[in-house]
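Right, one structure below, let's go through it.
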Amino acid sequence: MAYDIGGRGHRKNLQQLPLEDLVGIQSFLDPADIVSLRKTCKGLYFATNQRTVWLNALYRICTSHGLYRPSFEVEKMSQKALEHAALSPTRFCRLLERGYKDNSPIPATATRVLEARYLSTICQNEGTREFLEFLLVPGGRFLITRSEEVVAIWDLGLGPTDLITPFPIATIKVTTTTILLCCQLALGGSTLQVFLTSQTDLSVNTIEVYDICLLSLVTSFQLVATFNNFNRVIESYSSDKNLLAIGNESTVAIWDFVNDSVTSWHIEGFIYDLLLFDDHIVLFEDCHFSLWKLPSFHPRIESTTQNACCHFPIMRLAYATSFSSGNMLIPSQVWTSGLNGATSFSVLIQEQDGVMEEYSVTSMHESSDKSTPTCVPMLTNLGRLPTIPYRVLDQRICGGYIAQMYIPFDHGSDGYSRNIVVSLSPASKASVAIRGFTIPLLHAKLWTPSDPMAHILLFDLCPASGRLCVATSHHEIRVVDFLAPF
Numbered sequence: 001m002a003y004d005i006g007g008r009g010h011r012k013n014l015q016q017l018p019l020e021d022l023v024g025i026q027s028f029l030d031p032a033d034i035v036s037l038r039k040t041c042k043g044l045y046f047a048t049n050q051r052t053v054w055l056n057a058l059y060r061i062c063t064s065h066g067l068y069r070p071s072f073e074v075e076k077m078s079q080k081a082l083e084h085a086a087l088s089p090t091r092f093c094r095l096l097e098r099g100y101k102d103n104s105p106i107p108a109t110a111t112r113v114l115e116a117r118y119l120s121t122i123c124q125n126e127g128t129r130e131f132l133e134f135l136l137v138p139g140g141r142f143l144i145t146r147s148e149e150v151v152a153i154w155d156l157g158l159g160p161t162d163l164i165t166p167f168p169i170a171t172i173k174v175t176t177t178t179i180l181l182c183c184q185l186a187l188g189g190s191t192l193q194v195f196l197t198s199q200t201d202l203s204v205n206t207i208e209v210y211d212i213c214l215l216s217l218v219t220s221f222q223l224v225a226t227f228n229n230f231n232r233v234i235e236s237y238s239s240d241k242n243l244l245a246i247g248n249e250s251t252v253a254i255w256d257f258v259n260d261s262v263t264s265w266h267i268e269g270f271i272y273d274l275l276l277f278d279d280h281i282v283l284f285e286d287c288h289f290s291l292w293k294l295p296s297f298h299p300r301i302e303s304t305t306q307n308a309c310c311h312f313p314i315m316r317l318a319y320a321t322s323f324s325s326g327n328m329l330i331p332s333q334v335w336t337s338g339l340n341g342a343t344s345f346s347v348l349i350q351e352q353d354g355v356m357e358e359y360s361v362t363s364m365h366e367s368s369d370k371s372t373p374t375c376v377p378m379l380t381n382l383g384r385l386p387t388i389p390y391r392v393l394d395q396r397i398c399g400g401y402i403a404q405m406y407i408p409f410d411h412g413s414d415g416y417s418r419n420i421v422v423s424l425s426p427a428s429k430a431s432v433a434i435r436g437f438t439i440p441l442l443h444a445k446l447w448t449p450s451d452p453m454a455h456i457l458l459f460d461l462c463p464a465s466g467r468l469c470v471a472t473s474h475h476e477i478r479v480v481d482f483l484a485p486f
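If you're matching positions, the sequence shown starts at 1 in the UniProt record's numbering and goes up one per residue.
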């Protein structure tokens with residue numbers, strides 16, 4: 001492989017570059033492009049087989065895909081294992097592309113089972129040894145579960161050949177009214193933050209924030225913040241860094257749990273969902289969504305959350321699709337909101353056979369006028385779904401695509417759905433108005449239970465690792481791996 005210097009006919013072979021330069025060049029390449037470079041000649045084959053190359057590639061994948069980096073014990077991983085982890089998003093996307101063409105569920109490489117009977121040493125009541133909720137931490141290795149008596153975190157291993165640790169690596173006792181709200185990365189990226197709520201029929205009593213550091217010698221839940229006597233029901237929520245936003249009918253409340261301060265305000269319409277990012281929040285209402293700048297915070301005094309006065313949105317934007325009131329789903333954006341730091345979100349319409357609107361928040365030049373917006377949501381894609389979505393998961397980045405997981409409205413005679421569908425659309429910052437066309441969505445059936453009498457109760461997917469966790473009964477979770485190890 002040679003290139004012309006300055007167009008003067010002096011050709012220089014790429015192999016003549018020092019090895020450190022070749023390694024540095026590969027730090028700008030996608031993992032799949034590194035594999036393509038490997039196939040050109042023996043010299044570059046040697047350069048692409050350096051451990052440093054794949055170590056850097058995996059770190060870039062963790063950053064761009066919002067993966068929990070401690071999921072990968074890089075010091076213990078072989079070079080082949082590093083390559084497998086870095087190439088997993090691309091390989092999984094190719095599987096989905098083939099599934100789209102075949103219109104059949106993607107075959108799994110391996111299926112392992114995590115059973116609730118392992119909680120027998122923790123739970124006192126036999127009837128409560130069930131998984132009621134779970135969250136798969138992006139990276140695919142760690143799973144957070146809730147039963148009626150305990151919240152636990154499990155180590156599922158990196159690959160399908162790893163044995164699942166038979167007991168949770170950390171637990172915390174909870175009450176029967178506790179709900180596992182969400183989980184996010186703490187600042188620094190090495191600590192997980194778990195949000196729990198204790199709820200009654202009328203209101204939420206307590207919100208608790210726990211830190212879990214899986215790099216420490218002893219893994220445990222460390223309580224870092226508590227909001228007692230929170231007197232509103234959580235109907236929608238969103239977290240970002242040190243903030244937790246809660247929507248209740250027409251009221252927004254935001255808690256800074258690091259500084260223990262709050263802000264709150266009332267709007268005219270009904271809040272169906274919300275998205276918090278940086279110092280802005282998007283509120284999703286009936287016929288439009290609105291962008292707001294966060295008002296000033298004040299110290300929290302017991303349970304009071306005073307409403308901010310004279311607070312107005314920066315802008316209101318109508319949805320691209322018209323639909324009946326409330327017939328929409330907003331995927332959560334807890335882990336990653338877009339490529340290269342650009343915040344993105346989607347609106348799934350439960351009408352017209354299913355429609356997905358994708359938006360990207362574009363930054364603008366700052367102005368001395370505080371009323372001037374510093375960012376604008378732009379419609380980047382508008383696609384038709386194969387069926388109307390019924391339940392939706394978080395939106396994730398996977399190999400340059402935006403992956404959206406959902407259960408469709410294809411209920412059987414017993415009223416339960418038996419399909420998990422993934423829709424892929426190429427991630428793009430360019431608006432439809434600038435680009436002049438929409439990008440077709442790819443759809444693939446991800447998983448269908450083999451037992452025709454089984455139905456899907458819970459599920460979560462990490463597309464970047466090709467791992468699905470699904471519960472067809474409360475007593476066990478099936479850990480499904482779609483990517484074969486090298």
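Even for Gly, the Cβ is constructed at its ideal location relative to N, Cα and C.
> Rounded to a whole number of angstroms, what is the C-alpha to C-alpha distance between ALA464 and MET364?
Replying inline: 31 Å
>> Please state whether the Cβ-Cβ distance between ASP394 and PHE134 is less than 9 Å.
In response: no
> What are the partner residues of PHE142, as DSSP defines its beta bridges?
Replying inline: ASP155
>> For ALA318, report the span of its beta strand (DSSP E) as first-last.
In response: 315-318
>> In the DSSP assignment, the beta strand (DSSP E) including TYR68 goes from what residue to what residue?
In response: Taken as a continuous stretch (DSSP letters only), TYR68 belongs to no beta strand (DSSP E), as it is neither H nor E.
>> Can you find the residues in the same chain that come closer than 6 Å, C-beta to C-beta, to PRO299, ignoring five residues on each side of it along the sequence?
In response: SER261
>> Which residue marks the beginning of the alpha helix (DSSP H) containing SER261, and which one marks its end?
In response: Segment 261-266 is the beta strand (DSSP E) holding SER261; no alpha helix (DSSP H) there.
>> I need the straight-line Cα distance from ASN103 to LEU329, nearest angstrom please.
In response: 25 Å
> So, helix, strand or coil for TYR210, using DSSP?
Replying inline: strand
> Can the beta-carbon of CYS287 be found closer than 9 Å to that of PHE92?
Replying inline: no
> What is the DSSP secondary structure of GLN26, reduced to helix, strand or coil?
Replying inline: helix
> In whole angstroms, what is the alpha-carbon distance linking MET453 and ILE420?
Replying inline: 16 Å
> Does DSSP classify GLY43 as helix, strand or coil?
Replying inline: helix
> Rounded C-beta distance between THR343 and PHE277? I'm assuming under 8 Å.
Replying inline: 5 Å
>> Taking the alpha-carbon of ASN327 as reference, which of PHE284, VAL252, SER78 has the nearest alpha-carbon?
In response: PHE284
> Mind checking LEU215: buried by the 16 CB within 10 Å criterion, or exposed?
Replying inline: exposed
>> If distances are taken between C-alpha atoms only, which option among THR362, PRO386, LEU379, TYR359 comes closest to GLN350?
In response: PRO386
> With a Cβ-Cβ cutoff of 9 Å, do ALA108 and GLU83 count as a contact?
Replying inline: no
> Among THR448, VAL209, CYS213, ALA253, which has the Cα closest to the Cα of SER190?
Replying inline: CYS213
> When the Cα of PRO408 is compared with those of TYR390, GLY400, TYR68, which residue comes out closest?
Replying inline: TYR390
>> Tell me which residues share the same chain as THR448 and place their Cβ nearer than 7 Å to its Cβ, disregarding the 5 neighbours each side in the sequence.
In response: PRO105, ARG418, ASN419
> Taking the alpha carbon of ASN205 as the point to measure from, which residue in VAL233, ASN13, LEU181 has its own alpha carbon closest?
Replying inline: VAL233
> CB-CB under 6 Å to VAL137, same chain, minus the five flanking residues each way: which ones, in chain order?
Replying inline: TYR68
> Around the Cβ of PRO440, are there at least 16 other Cβ atoms within 10 angstroms (buried) or fewer (exposed)?
Replying inline: exposed
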